[in-house]
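Undergrad: Residue numbers for the sequence shown, in the working numbering: 60 to 582.
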Amino acid sequence: MAGGSFAPAGVAKERAGQYQGTVTCYVIVACVVAAVGGSLFGYDIGISGGVTSMDGFLEKFFPTVYRNKNRAHENNYCKYNNQGLAAFTSSLYLAGLVSSIVASPITRKYGRRASIICGGLSFIVGATLDSSAVNLTMLILGRIMLGFGIGFGNQAVPLYLSEMAPTHLRGGLNMMFQLATTLGIFTANMINYGTQKLEPWGWRLSLGLAAAPAFLMAVGGLLLPETPNSLIERGSKEKGRKILEKIRGTENVHAELQDIVDASELANSIQHPFRNILERHNRPQLVMAIFMPTFQILTGINSILFYAPVLFSTMGFGRNASLYSSALTGAVLASSTVVSIATVDRWGRRALLIGGGIQMIICQVIVAIILGVKFSGDKELSKGFSVLVVVVICLFVAAFGWSWGPLGWTVPSEIFPLETRSAGQSITVAVNLFFTFLIGQLFLSLLCAFKFGIFLFFAGWITIMTIFVYLFLPETKGVPIEEMVFLWRKHWFWKKIVPSYPEDNESNTNNNSASVAITEHIH
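#1: Curious, which full-length alpha helix (DSSP H) runs of at least 4 residues does the region 185 to 272 contain?
#2: In chain order, which continuous runs of the alpha helix (DSSP H) of length 4 or greater are located wholly inside the region 264 to 313?
#3: Quick one: is Thr246 buried, meaning 16 or more other Cβ sit within 10 Å of its Cβ, or exposed?
#4: What does the Cβ neighbour count give for Asn248, buried or exposed, with the cut at 16 atoms within 10 Å?
#5: From Leu506 to Cys137, what does the alpha carbon distance come to, in whole angstroms?
#6: Nearest-angstrom Cα distance between Glu118 and Met235?
#7: Whole alpha helix (DSSP H) runs in the region 338 to 363 with 4 or more residues, listed along the chain?
#8: Per DSSP, what kind of secondary structure is Phe455 in: helix, strand or coil?
#9: At least one CB of chain B closer than 8 Å to the CB of Gly143: is that the case?
#10: What did DSSP end up calling Met113 once you bin it into helix, strand or coil?
#11: Between the region 445 to 464 and the region 415 to 432, do at least 3 Cβ pairs fall closer than 8 Å?
#12: Quick one: residues in its chain with C-beta nearer than 7 Å to the C-beta of Ile429, no 5 flanking neighbours on either side, listed in chain order?
#13: Does DSSP classify Asn129 as helix, strand or coil?
#14: Going by DSSP, what residue range makes up the alpha helix (DSSP H) through Trp463?
#15: What separation, rounded to the nearest whole angstrom, lies between the Cα atoms of Val432 and Val557?
#16: With H, G and I counted as helix, E and B as strand and the rest as coil, what does DSSP make of Gly499?
#17: Return helix, strand or coil for Ser441, following the three-state DSSP convention.
#18: Hey, how far is the Cα of Tyr521 from the Cα of Asn361?
#19: From the DSSP output, in three-state form, read off Leu505 for me.
#20: Compute the Euclidean distance between the alpha carbons of Pro332 and Ala273, then round it to the nearest angstrom.
#21: Which of the three DSSP states, helix, strand or coil, is assigned to Trp547?
#22: So Gly185 and Gly201 are in contact, right, with Cβ under 8 Å, and what is the actual spacing, rounded?
#23: Taking Val110 as the reference, give the member of Gly261, Leu337, Phe516, Leu515 with the closest Cα.
#24: For Ile523 and Lys296, I'd like the C-alpha separation in whole angstroms.
#25: Ser159 to Ala410, Cα distance in whole Å?
#26: Give me, in chain order, the residues of the same chain whose beta-carbon lies closer than 7 Å to that of Tyr85; leave out the 5 immediate sequence neighbours on both sides.
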């Protein structure tokens, strides 16, 4: 059974209709504290763009960019095009990619809390190095340590939230991670707005304050309970049962407990989860683990969030105005994520992803048209068109905030069976960080080469991903995390790939009401 060929992934029977319990204060507090890990990711995304536009930072580490920035006739699209500057932003994500692979076996063998703690400690070290950097080597080393922290945090936190949350609210509670990310971005933007006045050392304060959420994450990891799924997978069934009863607020947890036990027995029979994830019956989950994070980055959102001050400066905004505009986009992103939390378990994942995709396409095309017609390489936008660009970019960010932003993490974290869950999340994080690194490293060069066409480039990708969701992603709303396997066997396309098992018929006969409830969510 080591290769997973003799048993279906996940549980054999659908018990969704038998799940008991309610939302308890205990589980909400646990999810909120754990989600602080997302603020690390967001804080770094937001802080990087502001710091890379500060004169004191550029003059010390990137004097060539500093000189180009102050040349009146330098091509607006190209004056920030510097691979060293891009490496400052992107090196973190390359390190995160590597650490996410290392984090997978740690998360599985030692629990979700262990990876959360490792992530917090690594981030504290990185923030300390960056804030005290005296040369570029020290600066990049700090970024690499921050990357290790993000790799561990992004590996463990979404899994923790998915496993702790009750089925009917899993989407909303899981999005606490994305909400924390967006609040981290907004906080970073506001800090940048204040520290840019503290030349020439304000950038040190911006980078050093990253240690604050990292400390909360590390302490939270020490205080939080482990998830029932992880405890039972590691042989602590009785302790897992007690935690499950506590977070569900009832002793009647037999159905959910049995699902976790069934999944754990199979998980413990799998010696090589990364090899098992390549098996045919795991093909749909593997495809989603690769394409969901890829598409999330190819919306172009990180380009805007990384380089918002640089981007607005390119369009002719003054230094203060560009930082203020980027703070505005951060606020929009945070508020729109709240909308997603309130609607995801009511409207479903597919509706938000498709609707958000359409809105983002429209916004990208509008920005491209405005810049193509009204903006040239050595001139500035008029005040009226500048305001219009900011409004449309805010609408784009809002669409991302209630669709692909949170759901790009939520969907992959909830679809894997227990035996490949850590490996699957590891792949999701690695793919996300790889494309984040790629876009972070190439964006300034792409902006120089494509000019306004960069927005059309991303609009094309959003069109592809919207069609992908419509055709290939089943609705996961309201489906227990250990029963996701039944979705793929009923989907119009994936049922041709995922093998059926005799237990399916028995399950449909004995649990017809639960089956119907799940089927209603299938495209």
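Glycine residues also receive a C-beta, built at the ideal position from the N, C-alpha and C atoms. Here the structure is a predicted model, which is why all the values come from computation and not from measurement.
TA: According to the data block:
#1: 195 to 223, 229 to 233, 235 to 254, 261 to 267
#2: 270 to 282, 287 to 292, 296 to 307
#3: As a working note, residue 246 is residue 187 in the sequence shown. The residue in question, Thr246, is buried, as its Cβ has 16 or more Cβ neighbours within 10 Å.
#4: Looking up residue 248 in the sequence shown gives position 189. Answer is buried; the Cβ neighbour count reaches 16.
#5: By one-based count along the sequence shown, residue 506 stands at place 447. By one-based count along the sequence shown, residue 137 stands at place 78. Rounded to the nearest angstrom, the two C-alpha atoms are 7 Å apart.
#6: Residue 118 sits at position 59 when you count from the first residue of the sequence shown. Residue 235 sits at position 176 when you count from the first residue of the sequence shown. Cα-Cα distance, rounded: 38 Å.
#7: 342 to 356
#8: Working through the sequence shown from its first residue, we reach residue 455 at position 396. Phe455: helix per DSSP, three-state reduction.
#9: Note that chain B does not occur in the displayed structure, where there is just one protein chain.
#10: To locate residue 113, count along the sequence shown from 1; it is residue 54. Residue state, collapsed to three classes: coil.
#11: yes
#12: Within the sequence shown, residue 429 is the residue found at index 370, counting from 1. Counting only Cβ-Cβ distances below 7 Å, and skipping sequence neighbours, we find Phe444, Leu447, Val448.
#13: Within the sequence shown, residue 129 is the residue found at index 70, counting from 1. In this structure, Asn129 counts as coil in the three-state DSSP scheme.
#14: Here the question's residue 463 lines up with position 404 in the sequence shown. Note, Trp463: alpha helix (DSSP H), 463 to 474.
#15: As a working mapping, residue 432 is identified with position 373 in the sequence shown. As a working mapping, residue 557 is identified with position 498 in the sequence shown. Cα to Cα, Val432 sits roughly 50 Å from Val557.
#16: Along the sequence shown, read from residue 1 onward, the residue named residue 499 stands at position 440. It is helical.
#17: Within the sequence shown, the letter at position 382 stands for residue 441. Note: Ser441 maps to coil in three-state DSSP.
#18: On the sequence shown, position 462 is the one that residue 521 refers to. On the sequence shown, position 302 is the one that residue 361 refers to. Residue 521 is actually Ile in this sequence, not Tyr. Approximately 14 Å between the Cα atoms of the pair.
#19: If you number the sequence shown from 1, residue 505 lands on position 446. In the structure shown, Leu505 sits in a helix (DSSP, three-state: H, G or I).
#20: The residue labelled residue 332 in the question sits at position 273 within the sequence shown. The residue labelled residue 273 in the question sits at position 214 within the sequence shown. If you take the alpha carbons of Pro332 and Ala273, they lie about 30 Å apart.
#21: Position 488 of the sequence shown, counting from 1, holds the residue named residue 547. If DSSP states are grouped into helix, strand and coil, Trp547 belongs with the helices.
#22: The residue labelled residue 185 in the question sits at position 126 within the sequence shown. The residue labelled residue 201 in the question sits at position 142 within the sequence shown. Right, the Cβ-Cβ distance comes to about 5 Å (below 8 Å), so this counts as a contact.
#23: One-based indexing of the sequence shown puts residue 110 at position 51. Answer by Cα proximity: Gly261.
#24: For this step, residue 523 is matched to residue 464 along the sequence shown. For this step, residue 296 is matched to residue 237 along the sequence shown. Using only the alpha carbons, I get a separation of about 44 Å.
#25: To locate residue 159, count along the sequence shown from 1; it is residue 100. To locate residue 410, count along the sequence shown from 1; it is residue 351. So the two alpha carbons sit approximately 30 Å from each other.
#26: As a working mapping, residue 85 is identified with position 26 in the sequence shown. Taking C-beta separations shorter than 7 Å and ignoring five residues to either side along the sequence, the partners of Tyr85 in its chain run Lys305, Ile306, following chain order.
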